[in-house]
């Protein structure tokens with residue numbers, strides 16, 4: 642069996658499964674301190690012997706090949722986890738090889754291997770929630786530069802009717818600062834879930850997401866663009882984003898079927914742990 646850990650900033654999801662993506666058992670618990678959280682990880686995997694482990698972690702995380710701190714959580718706002726050697730500690734506690742990536746990249750791998758991206762040569766998975774991130778998988782491999790990409794921090798043109806300065810402490814009005822869940826709450830004073838019937842809220846959200854998606858599309862040219870995360874539970878966003886994306890693209894590149902290009906995830910919130918299985922299976 643293969644182990645999987647979706648190591649999120651809010652909760653850890655642990656699972657065991659087969660290389661075909663079948664989940665045999667799983668559990669979830671809040672992310673607290675490293676010692677407390679990894680004690681729960683150990684307890685789960687003590688009941689399920691595994692041969693290897695795939696991990697999708699919150700970041701920033703050191704993914705620089707050859708670095709002595711490879712697999713370490715870096716300058717995260719979660720202070721107890723700052724500079725924590727996650728990969729090294731998991732290998733020591735579980736005595737198995739560990740493959741590690743960012744949480745959004747493993748979600749992309751899950752949809753690529755087992756979900757809506759299964760028959761595509763490349764897919765870009767974008768999560769829109771507490772933060773915004775994206776991961777690209779092409780020909781079965783995750784794109785990896787010197788370190789992991791931070792596509793949620795691309796700079797955008799502000800909508801002329803939007804006076805909100807942006808919520809990102811580093812960049813203000815980057816994509817995450819304008820369109821992540823906390824940005825929606827900061828702009829309107831209430832959470833997005835309470836604004837479901839306010840179409841103007843989601844039209845503005847679609848404007849910013851479509852603008853970023855167009856940027857990604859002209860640079861990376863993925864065959865599938867998968868939009869997940871808590872904000873995308875507002876399903877009315879999908880047609881709005883597709884329409885605005887086509888307007889912004891303005892026939893510069895031919896898109897035969899935008900509904901087949903920009904899609905929802907297909908794995909019912911299991912794309913993260915299934916992507917961890919795929920990551921470990923390939924390592």
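Residue numbers (the numbering used here): 642 to 924.
Yeah, the Cβ is synthetic: ideal placement off N, Cα and C, and Gly gets one too.
Computed from a predicted structure; not experimentally measured.
Exercise for review: With a 10 Å radius around its C-beta and 16 neighbouring C-beta atoms as the bar for buried, classify residue 789 as buried or exposed.
Suggested key: Around the C-beta of residue 789, 16 or more other C-beta atoms lie within 10 Å, and the residue is accordingly described as buried.
Practice item. Consult DSSP for residue 720 and reduce its assignment to one of helix, strand or coil. Key: helix
Point to revise | Helix, strand or coil at residue 894 [DSSP, three-state] | key: Annotated three-state conformation of residue 894 is coil, per DSSP.
Practice item. Give the straight-line distance between the Cα atoms of residue 895 and residue 923, rounded to the nearest whole angstrom. Key: 34 Å
Practice item. Using a Cβ-Cβ cut-off of 9 Å, state whether residue 835 counts as contacting chain B. Key: As a matter of chain content, chain B is missing from the structure shown, which is built from one protein chain.
Review point. Comparing alpha-carbon positions, which option in 751, 742, 780 and 901 lies nearest residue 706?
Key: 742
Practice item. Can you grab the Cα-Cα spacing for the pair residue 899 / residue 856, in whole Å? Key: 15 Å
Point to revise | Assigned exposure category for residue 810 - 16 Cβ within 10 Å defines buried | key: By the neighbour-count rule (16 or more Cβ atoms within 10 Å), residue 810 is not buried but exposed.
Check your understanding: Closest to residue 771 by CA distance: which of 873, 910, 665 and 880 is it?
Key -> 873
Check your understanding: Would DSSP call residue 647 helix, strand or coil?
Key -> Under the three-state reduction of DSSP, residue 647 is assigned to strand.
Review point. With DSSP run on the structure shown, which of helix, strand or coil describes residue 925?
Key: Outside the shown range of the chain, which is 642 to 924, sits residue 925, and nothing can be said about it.
Point to revise | Selection from 663, 761 and 654 that minimises the alpha carbon distance to residue 671 | key: Residue nearest to residue 671 within the set 663, 761 and 654 is 654 (criterion: CA-CA distance).
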